[in-house]
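In order, the protein sequence lines correspond to chains H and S.
If you read the first sequence in our numbering, its first letter stands for residue 7, the second for the next number, and so on.
If you read the second sequence in our numbering, its first letter stands for residue 7, the second for the next number, and so on.
The structure appears below as structure tokens.
2 protein chains.
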Amino acid sequence: MGKTRSAPTLNDVAKAAGVSTATVSRCLNSPDRVIEATRQRVMQAVESLGYTPNFAARVMAAKRSFTIGAIIPTMDNAIFARGLQAFQDQLHENGYTLLVSSSAYDPEAEREQIRTLVARGADGLLLIGHARDAEIYEYLERHQIPSLVAWSYDPEAQRPSVGFRNTDAMCELARSVISAGHRRIAMISGMTQGNDRAQGRLQGVRQAMEEGGLDTSDLKVIETAYEIDKGAEAFAQLMDLTPRPTVVICGNDVLAAGAVHEARKLGIKVPEQVSVTGFDDIELAEIVSPALTTVHVPHREMGRKAACELTAMVEGKSEGRTICISTRLVTRDSLAMPPFLS
Amino acid sequence: MGKTRSAPTLNDVAKAAGVSTATVSRCLNSPDRVIEATRQRVMQAVESLGYTPNFAARVMAAKRSFTIGAIIPTMDNAIFARGLQAFQDQLHENGYTLLVSSSAYDPEAEREQIRTLVARGADGLLLIGHARDAEIYEYLERHQIPSLVAWSYDPEAQRPSVGFRNTDAMCELARSVISAGHRRIAMISGMTQGNDRAQGRLQGVRQAMEEGGLDTSDLKVIETAYEIDKGAEAFAQLMDLTPRPTVVICGNDVLAAGAVHEARKLGIKVPEQVSVTGFDDIELAEIVSPALTTVHVPHREMGRKAACELTAMVEGKSEGRTICISTRLVTRDSLAMPPFLS
DNA sequence: ATTAATAATGCAAGCGCTTACATTGATAGC
DNA sequence: GCTATCAATGTAAGCGCTTGCATTATTAAT
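Shown next as structure tokens:
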């Protein structure tokens with residue numbers, strides 16, 4: 007045991023190595039600005055003292071944290087997991103650390119998290135979707151924190167974004183639903199309030215219906231939280247309708263998983279009696295039975311590109327471009343012709 | 007636009023309110039140490055300037071961050087999601103913020119993350135499982151950072167922990183497998199290397215076999231990463247064995263989900279031809295078909311208790327107790343008698 | 001050898017905040 | 001009315017690091 011040693015500081019290292027703190031700092035941050043022999047001596051001291059730089063002090067002095075913050079709506083399910091993992095990996099490659107927090111789809115909570123992340127010295131922020139008070143953007147501007155929107159593509163928006171066209175992607179899916187012969191269409195959507203992705207997807211379905219000459223006012227929509235149970239619940243409700251819809255388009259795979267699960271519970275055959283579709287193509291989509299026909303979103307690609315763009319912005323190498331990621335339809339087992347046509 | 011304002015500091019607020027920085031600081035941190043009138047004036051200034059305290063500066067000066075770090079092996083699947091969410095919620099209630107990072111089951115990465123979190127001023131750390139270099143604990147001690155182990159319970163260990171008895175829980179499951187009549191048992195385990203939970207679960211199966219008078223050397227074990235694909239892969243391998251095992255005990259629900267999925271693909275009926283069991287009882291367990299017989303782990307309870315214990319440790323109110331969470335068997339559809347007995 | 005240029009290192013001023021201690025003002029006891 | 005007490009506020013010393021600038025050592029060019 008001996009005496010209580012407390013954590014060594016830069017100063018301790020400097021003394022141990024017989025150099026100034028400036029030199030130690032340079033050894034750690036720009037090794038090539040220090041001569042080999044000195045560097046070795048310093049590194050040796052760092053090693054033997056078990057020195058870890060104090061992050062807060064570094065941030066304060068350098069006004070740079072090499073930290074990127076991300077606020078995602080939820081960590082509860084896998085919707086954001088893959089994309090975020092890729093984002094983090096790429097960030098790491100670019101020399102940054104990721105700080106994540108989740109807002110639980112609550113704008114107030116999101117605002118708070120943004121402030122927290124900024125206070126913690128985040129150099130840049132990843133935000134999901136465009137819908138957000140202007141005040142927040144002003145705040146970020148004042149603090150000179152670049153921010154990038156992901157999971158949504160909107161060339162019209164003021165802010166740069168990396169994402170896909172939610173409307174078009176869903177529209178493509180809905181077209182294929184319609185061309186399979188479905189006319190009585192229902193949708194389980196995420197809460198559209200303040201969620202441009204959910205809005206876009208709903209819009210996509212409407213658009214496809216219009217194109218197909220269907221009356222969009224016939225579209226039954228249930229809005230609910232993106233949770234398996236909620237999907238199940240909504241599905242049960244829809245199955246009580248008369249006439250029953252022949253297809254249930256879900257706002258994402260999580261809802262769809264809940265739906266097919268509920269169908270089995272109710273003894274309704276998917277896709278023989280009713281078809282179900284998802285969105286995202288997360289792992290779950292393939293695991294449930296029947297496997298989901300869905301829209302594949304290249305989350306990894308999106309995550310990586312977002313990371314590169316955001317670091318470029320942070321480093322002043324980019325003003326913030328808007329990047330479009332393309333999705334594609336994945337045909338599996340949960341979508342078929344409506345029963346009366348087969 | 008006007009002039010480029012930069013983020014206001016404590017000093018700016020102090021000037022605006024006509025008080026000293028000390029008073030502003032007190033307003034923010036111990037409001038009752040400042041008289042009502044002054045406080046109002048200060049708060050007004052804070053509001054109108056849109057002031058957000060600089061976290062790094064605060065941490066540096068106060069040597070306290072009200073931040074707890076957690077290093078979990080993976081964010082990829084839902085294994086830790088629920089428990090971590092509960093941990094975070096409780097932490098928030100106790101006035102702390104959570105910083106999460108994932109080590110990808112790599113000890114070297116974990117060590118690095120620990121250092122990062124400590125450097126970032128974490129007041130305490132949540133670690134998963136006991137297996138870890140002594141050197142790491144020494145490091146934490148030197149920095150005086152309390153740490154708590156979760157997801158594993160070990161009264162023998164030096165370190166406090168909040169978790170469940172992996173061995174006993176799995177043993178109970180295995181007993182019920184054996185009493186269903188299974189003799190040709192296989193297991194898809196997580197990587198046991200440096201993972202006391204995986205080790206414990208494997209050990210639990212062995213123990214139940216011994217109790218049941220079976221030869222543990224007959225147990226086929228495939229160790230693999232906790233991923234759906236890997237579970238599927240391992241399952242396929244096991245099905246190639248002659249004689250084929252009648253039950254596949256999986257180290258967790260993710261592996262089991264992969265297994266039942268692969269079974270369907272191979273046209274093998276679960277549980278009619280082969281039984282499968284999981285562990286954790288995450289959402290996935292109920293969604294796959296057949297629904298998994300598994301061990302229910304009260305993740306939320308564990309997360310909450312861990313949060314309370316760890317904050318107590320950080321605040322010097324506890325030396326670090328070891329808390330045991332109890333699990334229970336959940337019987338669903340994936341386990342039945344072996345075929346030749348039915 | 002001498003000087004100019006350049007590389008390596010040291011010096012010291014902060015970064016924005018908290019807090020021990022000093023100071024001031026108010027309240028109360030005599 | 002005067003001093004002891006205590007509450008409210010101010011003063012200023014850091015916290016551990018980075019970095020512009022000053023200083024010294026090294027190398028190249030004349």
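Glycine residues also receive a C-beta, built at the ideal position from the N, C-alpha and C atoms.
- Taking the CA atoms as reference points, S:C330 sits about 20 Å from S:R138.
- Residues of the same chain with a CB within less than 6 Å of the CB of S:A23, apart from the 5 flanking positions on each side, are R47, V48 and A51 in chain order.
- Judged by their CB atoms, H:D286 and H:I85 are nearer to each other than the 8 Å cut-off.
- S:M245 and S:V266 have their C-alpha atoms spaced approximately 12 Å apart.
- Straight-line spacing of the CA atoms in H:E144 and S:S54 works out to 14 Å.
- Runs of the beta strand (DSSP E) lying entirely within the stretch 114-143 of chain H and spanning at least 3 residues, in chain order: 130-134.
- Taking C-beta atoms as the reference points, S:H305 and S:R334 fail to come closer than 8 Å.
- Checking the DSSP bridge columns, you'll see H:S195 partnered with H:E229.
- For S:G284, there are no neighbours in chain H by C-beta distance under 8 Å, as the nearest C-beta there is about 13 Å away.
- For H:T44, the enclosing alpha helix (DSSP H) covers residues E42 to L55.
- In this chain, the beta strand (DSSP E) harbouring S:H302 covers T300 to H302.
- Nearest to S:G284 by alpha-carbon distance, out of S:R250, S:L298, S:T252 and S:A231, is S:L298.
- Closer than 8 Å at the C-beta level to chain H, one finds these residues of the stretch 285-319 of chain S: E289, L290, E292, I293, V294 and S295.
- In the assembly as shown, H:T29 is a buried residue. Its beta-carbon has 16 or more other beta-carbons within 10 Å.
- Excluding residues up to 5 positions away in sequence, A238, F241 and A242 lie with their Cβ nearer than 7 Å to the Cβ of S:E268 in the same chain.
- For the pair H:I255 and H:A63, the Cα-to-Cα distance works out to about 52 Å.
- Residue burial annotation: S:D259 is buried, with at least 16 other C-beta atoms found within 10 angstroms of its C-beta.
- Here S:E141 is exposed: its Cβ has fewer than 16 other Cβ atoms, across all protein chains shown, within 10 Å.
- Annotated as distal: H:V124 and H:A76, with beta-carbon spacing of 8 Å or more.
- Scanning H:E278, H:G101 and H:R338 for the CA closest to the CA of H:N35 turns up H:G101.
- Counting of Cβ neighbours within 10 angstroms places S:N172 among the buried residues, the total reaching 16 or more.
- Separation of H:A20 and S:R39 (C-alpha to C-alpha, rounded to the nearest whole angstrom) is 41 Å.
- In terms of beta-carbon proximity, H:T58 lines the interface with chain S, with at least one pair separated by less than 8 Å.
- Assigned with DSSP and collapsed to three states, S:D286 falls in strand.
- Listed along the chain, the chain S residues whose CB falls inside 8 Å of the CB of H:Y232 amount to none; the nearest CB is some 13 Å away.
- Beyond the five residues adjoining it in sequence on each side, H:D174 comes within less than 7 Å, by CB distance, of G210 in the same chain, given in chain order.
- Residues are counted here when their Cβ sits less than 7 Å from a Cβ of chain S; for the stretch 267-280 of chain H these are H267 and R270, given in chain order.
- In this model, S:G264 and H:R121 are separated by some 41 Å (Cα to Cα).
- A straight line joining the alpha-carbon of S:P249 with that of S:D202 spans about 31 Å.
- For S:C330, DSSP records a beta bridge to S:G169.
- For the stretch 82-110 of chain S, residues whose beta-carbon sits nearer than 9 Å to a beta-carbon of chain H comprise D82, N83, A84, A87, R88, L90, Q91, Q94, T103, L104, L105, V106, S107 and S108.
- Of all residues in the stretch 38-66 of chain H, the ones placed with a Cβ closer than 7 Å to any Cβ belonging to chain S are G56, T58, P59, N60, F61, A62, A63, V65 and M66, in chain order.
- In this structure S:K323 is exposed. Its beta-carbon is surrounded by fewer than 16 other beta-carbon atoms within 10 angstroms.
- Put simply, the backbone Cα of H:P251 is about 9 Å away from that of H:S281.
- Residue-level contact check: H:R148 touches chain S, since one or more beta carbons of chain S fall below 8 Å from its beta carbon.
- Apart from the 5 residues on each side of it in sequence, S:A342 sits with its Cβ closer than 6 Å to the Cβ of P277 and S281 in its chain, given in chain order.
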